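Worksheet: one structure, shown below.
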Amino acid sequence: MATRVEWADRVERWERSGLSAEKFARREGYKPKQLYWWRWKLRADRPSHPSPSSLTEAPRFLPVHVVTDASVAAPEPIEIALPNGRVVRVRPGFDPATLERVLALAAEETPC
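Okay, so the sequence shown: first residue is 0 according to numbering that gives the first Met the number 0, each after it adds one.
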């Protein structure tokens with residue numbers, strides 16, 4: 000029996016293929032209704048279950064330039080909301096290398 004991750008991969012390949020569910024399923028050896036059901040299920044669960052490609056790709060971040068503002072007495076922490084719902088709070092004076100490791104760990108999906 001195929002896992003959720005395997006079905007997510009199949010649905011993703013089907014959608015990228017441009018083929019109908021019938022043609023793709025026949026080529027791969029399963030039923031079209033399975034593709035439709037898994038596509039519906041994966042979309043319904045999307046907030047808590049990332050696509051297979053997001054499990055294997057490293058997170059992509061935009062460059063950040065930290066600017067010191069002398070007018071701010073006690074700067075507030077930066078909050079980074081990740082797609083999996085986790086939030087990382089970064090206080091002033093953080094170590095960039097440590098932050099990078101923390102973000103990589105926080106972006107990982109925990110086993111169901």
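The beta carbon of each residue, even a glycine, is placed where N, CA and C say it ideally should be. Since the structure is predicted, the reported quantities are computational estimates derived from the model, not experimental observations.
Taking C-beta separations shorter than 6 Å and ignoring five residues to either side along the sequence, the partners of Pro91 in its chain run Pro74, following chain order. For Arg88, the number of other beta carbons within 10 angstroms of its own is below 16, and it is reported as exposed.
With contacts defined as CB atoms closer than 8 Å, Phe23 and Leu34 qualify as a contacting pair. Around the CB of Ala106, 16 or more other CB atoms lie within 10 Å, so the residue is classed as buried. Counting C-beta atoms within 10 angstroms of its own C-beta, Val86 has fewer than 16 neighbours from the protein chains shown and is therefore classed as exposed.
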